[in-house]
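A.B. asks: Going left to right, the sequence shown walks through residues 31 to 632 as my numbering numbers them.
We put the CB at the ideal spot given by N, CA and C, even for glycine.
Bear in mind the structure is a predicted one, so any value in this text is a computation, not a measurement.
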Amino acid sequence: MKTQKFAITGLIASTLAAAADAFKRAPRTMPMWMVAAIAIAIGAGRHARADMDVVSWGTQTCDQGDLRESYTQVAAGLRHTVALTSDGTLVAWGYNAYGQCNVPSGLAGVSQVAAGYLHTVALKNDGTVVVWGRNTYGQCNVPPGLTGVTLVAAGQYHTVALKSDGTLVAWGWNEYGQCDVPSGLTGVTQVAAGYYHTVALKNDGTLVTWGDNGSGQCDVPSGLTGVTQVAAGYAHTVALKNDGTVVAWGRNTYGECDVPSGLTGVTQVAAGSHTVALKNDGTLVAWGDNRYGQCNVPSGLTGVTQVAAGYEHTLVLKNDGTFTAWGDNYSGQCNVPSGLTGVTQVAGGYEHTVALNNDGTVVAWGRDSYGQCDVPSGLTGVTQVAAGRYHTVALKNDGAIVAWGDNSYGQCNVPSGLTGVTQVAVGYSHTVALKNDGTLAAWGDNFYGQCNVPSGLTGVTQVAAGYGHTVALKNDGTVVAWGRNYNGECNVPSGLTGVTQVAAGSEHTVALITFADCNANGQRDTYEIMLGAADINLNGVPDACEMSSGDLDLNGVVDFGDVALITLDFGPCSDCPSDLDGSGVVDFGDVALALLSFGPTG
């Protein structure tokens, strides 16, 4: 594991440490019945050690050594890292050209640590402060007689100390007035230091800021109250409110102030050139500058209900109505609008993003060169949205379609009289509609034949569209694909069945097979496969109901009633409910499986 390659305040480090600790302590439970999935992909197409106390990601520049000790806080500077151990001593590693990693000999009793650009600050439990590293601007010159300190913060070249009486002391580079503590300022409970600005949180939940305001990082939003924690980044400021929501302002070049819509349950925030929020479930959400991967939230993201991919950006919709976006943000397509909540679906185009709200309205942002983000005035009653390269499509609850944006290939020319549509899919420059009779209609760019729906195709339950190809899922769990096939994106694997969802990338196709993990071991094994052949509720798909351990009579208990049903069916069969082991014959093997499963199914 390596340190991060950008300047970060001590608050970021404490957030990361808290997040790592929360993640370790969070309960790990697995539901009795867990739905899992297998994805089959065709066409072209940092891990963190669980036994460590600290997790970091992004561009890696220096060896931080073994992190198996018990750390209580960690701080990250430009290219150095400092960790506070449970016994009050410090360990530092990384770039050391200015001695910022040379922990003073005999230093002990440390209660907090902060890391500036090239200097390190330690607060001792006796209320005194020790600073070392680069001292070009006097940032390491602790004022004589300074005692009673309860918190320290480090900016690029300045240091700030909060005293037990609620007053502040600041020293170091003062080119932008970042060390000019406002006269009469008292009642401070927390302080944060940005690159060239300083922020103080008062005991009444309000904020006071000073220093460089070139990007508005000191312009506290009017009426902001109820703040419980504050963080300062390169040129932006982030406030955590007592309702668990986050407010950010200042420089927004990389979307660092675009708080993910509906983000709640936050317990701590941190800011560098990006913003990080720690949630009360021990998970992290990050946004802003990601040139070094600092917003790539480590694997383990949960609660996801839908994922969408634009050209070079990704969108994840969670079960709380919020969604997360990452990847290429050149046109702001990952900048989730502030205050956006109640999202039920999201779609990603080439460089724009579209969100459907639970009230049937649509919001779009990102590149708008062809008007693809100009949602038609008064558009309501929308049930689904889709996004192409430069056009956007909305399906209304009356089965009608509305499309806007680039129309070079007629991709926005909805066929006259088209009704009864239940789903829409959008490719690079073509549009596909699924009707309630299981048939398809397609229009727009047809250079690769992507709009040539196969003759006689019926029974379609879902459709997807890629760069130049179209994919249809049928009600028998099979898949049909046509159009551009340069990378095999239309070569459906032989014998592929049991598909429940399809998706199309630019030049590849993905099929999802859903099954129930009956024994809750996190994988599909012989147990589930044996039980998976019986479509007991006759819905066309062996699902969790059938895989609930052989409850053939659906009374909630596997008992002799189920055995009786099996014995009545003895003999050859094809996908019949009683053939639990999928052998093609109902026999005593199926009886044995039922007997082994005796008891409640839930």
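#1: Considering only residues of the same chain and omitting the five flanking positions on each side of Cys481, which have a CB-CB separation below 7 Å?
#2: Based on DSSP bridge pairs, tell me the residues matched to Leu370.
#3: Within 10 angstroms of the Cβ of Ala138, are there 16 or more other Cβ atoms? Answer buried if so, exposed if not.
#4: Are there 16 or more other CB atoms within 10 angstroms of the CB of Ala534, so buried, or fewer, so exposed?
#5: Pro607: buried (16+ other C-beta within 10 angstroms of its C-beta) or exposed?
#6: Please list, in chain order, all residues of the same chain as Ser245 whose beta carbon is under 6 Å from its beta carbon, the five residues on each side excluded.
#7: Give the DSSP-derived three-state secondary structure of Val211 in the structure shown.
#8: How should Gly641 be labelled, buried or exposed, when 16 other C-beta atoms within 10 angstroms of its C-beta is the threshold for buried?
#9: Alpha carbon to alpha carbon, how far is Gly562 from Gly235?
#10: Is Thr258 helix, strand or coil by DSSP?
#11: If you compare alpha carbons, which of Val376, Gly379, Gly435, Gly411 is closest to Gln402?
#12: Quick one: grab the DSSP three-state call for Gly591.
#13: DSSP beta-bridge partners for Gln492?
#14: Are the CB atoms of Val289 and Thr228 nearer to each other than 8 Å?
#15: Out of Asp467, Val483, Ser485, state which residue places its alpha-carbon closest to the alpha-carbon of Asn505.
#16: Sort Asn165, Leu270, Thr216, Val159 by Cα distance to Leu181 and report the nearest one.
#17: How big is the Cα-Cα spacing for Val532 and Ser524?
#18: Kindly indicate which residue of Gly178, Ala230, Tyr187 has the alpha-carbon position closest to the one of Gln169.
#19: DSSP three-state call for Val151: helix, strand or coil?
#20: Do Val151 and Leu120 come within 8 Å of each other at the CB atom, strictly closer than that value?
#21: Give me whichever residues DSSP pairs with Leu425 in a beta bridge.
#22: Which of the three DSSP states, helix, strand or coil, is assigned to Ala622?
#23: Over what stretch of residues does the beta strand (DSSP E) that includes Gln220 continue unbroken?
#24: From this set, Val490, Val172, Gly214, which residue's C-alpha is nearest Asp195's C-alpha?
#25: Mind checking who Trp162 pairs with in its DSSP beta bridge?
#26: According to the neighbour-count rule (16 or more other Cβ atoms, all chains shown, within 10 Å of its Cβ), is Tyr147 buried or exposed?
#27: Which same chain residues, not among the five before or five after Asp404, have their C-beta less than 7 Å away from its C-beta?
#28: Between the region 508–521 and the region 493–500, do at least 3 Cβ pairs fall closer than 8 Å?
#29: On a CA-only basis, which of Gly601, Val587, Gly295 is nearest Ala624? Give me that one, please.
#30: Taking Cβ positions, are Ala222 and Cys209 nearer each other than 8 Å?
#31: Whose C-beta lies closer than 6 Å to the C-beta of Val268 among residues of the same chain, with five residues either side of it excluded?
#32: So Asp249 and Tyr226 are supposed to be a Cβ contact under 8 Å. How far apart are they, rounded?
#33: Starting from the C-beta of Thr275, find all residues in its chain whose C-beta is less than 6 Å away, skip the five residues before and the five after it, and write them out in chain order.
#34: Could you give the distance in angstroms between the alpha-carbon of Thr89 and the alpha-carbon of Ala122?
#35: Give the straight-line distance between the Cα atoms of Ser536 and Ala463, rounded to the nearest whole angstrom.
C.D. replies: A quick look at the data gives this:
#1: Excluding residues within five positions, the ones whose Cβ falls inside 7 Å are His460, Ala472, Trp473, Gly474.
#2: None, per the DSSP bridge assignment.
#3: exposed
#4: Under this definition Ala534 is a buried residue.
#5: buried
#6: Ala265, Gly280, Arg281
#7: Annotated three-state conformation of Val211 is coil, per DSSP.
#8: The requested residue 641 does not occur in the structure, where the chain is confined to residues 31 to 632.
#9: Unreliable placement is indicated for Gly562, whose pLDDT of 40 sits below 50; the coordinate value is still reported in the next sentence. Computed Cα separation, rounded: 57 Å.
#10: strand
#11: Gly435
#12: helix
#13: Leu503
#14: no
#15: Asp467
#16: Val159
#17: 16 Å
#18: Taking only the C-alpha atoms, the option nearest Gln169 is Tyr187.
#19: strand
#20: no
#21: Gln414, Ile431
#22: helix
#23: 218–223
#24: Gly214
#25: DSSP lists Thr150 as partners of Trp162.
#26: Around the beta carbon of Tyr147, a 10 Å sphere encloses 16 or more other beta carbons of the protein chains shown; the residue is thus reported as buried.
#27: Asp398, Trp434
#28: yes
#29: Residue nearest to Ala624 within the set Gly601, Val587, Gly295 is Val587 (criterion: CA-CA distance).
#30: No. Outside cutoff.
#31: Ala261, Ala278, Val299, Ala301, Thr305
#32: The pair is not a contact, with the Cβ atoms about 15 Å apart (cut-off 8 Å).
#33: Cβ neighbours of Thr275 beyond the five flanking positions: Thr294.
#34: Caution is warranted here: a pLDDT of 32 is assigned to Thr89, below 50, making its placement in the model unreliable, and the coordinate value is therefore given only provisionally. Their Cα atoms are separated by approximately 19 Å.
#35: So the alpha carbons of these two residues sit roughly 19 Å apart.
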